[in-house]
Amino acid sequence: MQIKCNYCGALIDDSCETCPKCGAPLSGAHRTAKGQPKTIEELKEWYTAHHLPPEEITRFFIGKDIREPKAFGIYRDGNGDFVVYKNKSTGERAIRYQGSDEQYAVNELYQRLKAEIADQKGRSSSSRPQQPVVETKKKKKKGCLIAIIIFTVLAMLTAIFDHSAPNGYYKYNGTQYYHQGSSWYYYDKETDDWYKSTESIDIDDKNAKDYQITNHEGKDFEQTSWYDSGSHSNDNGWDSDSDWDSGGGDSWDSGGTDWDSDW
């Protein structure tokens, strides 16, 4: 796999310890998170594996240069460059990335797609009408219905009041952070280690996608004593939340997407 040198920008093999172009050490070179698609073909497979609706519905076109309004996409042009784009509602095209780094290009669309999935699920759950409770003489059925209602209400309250950022890596004011549970941890380049932060980090579920990163420097947080695998059992880096269960009543409405911004 090729990566970019942080000092001269040259594309080099990630197995190198120093940059052959400028001689800079590469111990802090960016690495891609495990399990994440790195090529257009892998992104296509990820899309299918997570049961997402057809691309005409989600408006995410992988490997296609779609020119009509309201579309996200990635493709390789005639010059060999990878192009990540967004067509606004007016038909104007905003280029997010154009270059030779396929892995970087794929990551840009991958992160935007995952953010859109989260937004769609949030809108779907908040707009879904509450099912009426049917009266029954059987106490057992009543108990089940009451339990379901209580569980649903608690889940809705959690979604409404819990605005914490998802677990994962972030970059905030030039510093790398890792969010786990209700705590933030920062990365110290000098010691190549992670420490619990006492500072206030202004990141929540609303702006998390603006700061979240999948390529991080130095030691993996998962290798520290701070890491709690139990707190990640249900998120897996947001990946488990990316499944789209159309049979569960979720409906994708791309009409609610912000088509006026550049990205």
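Under this note's numbering, the first residue of the sequence shown carries the number 962, and numbering increases by one thereafter.
All C-beta atoms in this analysis are idealised placements derived from N, C-alpha and C, irrespective of residue type, glycine included.
In this text, all values refer to a predicted model and were calculated from it rather than measured experimentally.
DSSP state of residue i mapped onto helix, strand, coil
| i | result |
| --- | --- |
| Ile1110 | helix |
| Gln1064 | helix |
| Arg1028 | coil |
| Asp1080 | helix |
| Gly1034 | strand |
| Asp1154 | strand |
| Arg1020 | coil |
| Leu972 | strand |
| Trp1213 | coil |
| Trp1187 | coil |
| Gly1129 | strand |
| Thr1218 | coil |
Rounded C-alpha distance that separates residue i from residue j
| i | j | result |
| --- | --- | --- |
| Asp1171 | Gly1142 | 19 Å |
| Asp974 | Arg1073 | 27 Å |
| Glu1029 | Asn1048 | 7 Å |
| Lys965 | Leu1106 | 56 Å |
| Gln1184 | Asp1154 | 10 Å |
| Asp1181 | Pro998 | 19 Å |
| Gln1064 | Ile1109 | 44 Å |
| Tyr1188 | Tyr1071 | 25 Å |
| Glu1003 | Gly1060 | 19 Å |
| Gly1083 | Ile1111 | 19 Å |
| Gly1104 | Val1114 | 15 Å |
| Thr1238 | Thr1159 | Here the chain covers residues 962 to 1224 and nothing more, so residue 1238 does not appear. |
| Lys1150 | Thr1051 | 45 Å |
| Gly1209 | Thr1175 | Low local confidence applies: a pLDDT of 44 at Gly1209 is under 50, so the model's placement there is unreliable, and no value is given. |
| Ser1085 | Ser1215 | 11 Å |
| Cys983 | Cys969 | 7 Å |
Buried versus exposed call for residue i [16 or more other C-beta atoms within 10 Å across all chains shown]
| i | result |
| --- | --- |
| Ala1032 | buried |
| Tyr1156 | exposed |
| Ala1066 | buried |
| Lys1167 | exposed |
| Ala1169 | buried |
| Asn1068 | buried |
| Cys980 | buried |
| Thr1218 | buried |
| Thr1009 | exposed |
Residues of its chain near residue i, where Cβ-Cβ distance is below 7 Å and the 5 sequence neighbours each way are ignored
| i | result |
| --- | --- |
| Trp1205 | His1011, His1012, Leu1013, Pro1014, Ile1078, Asp1211 |
| Trp1007 | Pro998 |
Short Cβ contact (9 Å threshold) for residue i with residue j
| i | j | result |
| --- | --- | --- |
| Gly1129 | Tyr1148 | no |
| Ile1018 | Trp1220 | no |
| Ile1001 | Arg1037 | yes |
| Asp1026 | Gly1034 | yes |
| Ser1203 | Lys1075 | yes |
| Pro1127 | Gln1173 | yes |
| Ser1125 | Asp1163 | no |
Neighbourhood of residue i by C-beta distance below 6 Å, restricted to the same chain and skipping five residues each side
| i | result |
| --- | --- |
| Asp1223 | Ala1055 |
| Tyr1138 | Tyr1131, Trp1145, Tyr1147 |
Same chain, Cβ closer than 8 Å to residue i, neighbours up to 5 away in sequence not counted
| i | result |
| --- | --- |
| Asn1040 | none |
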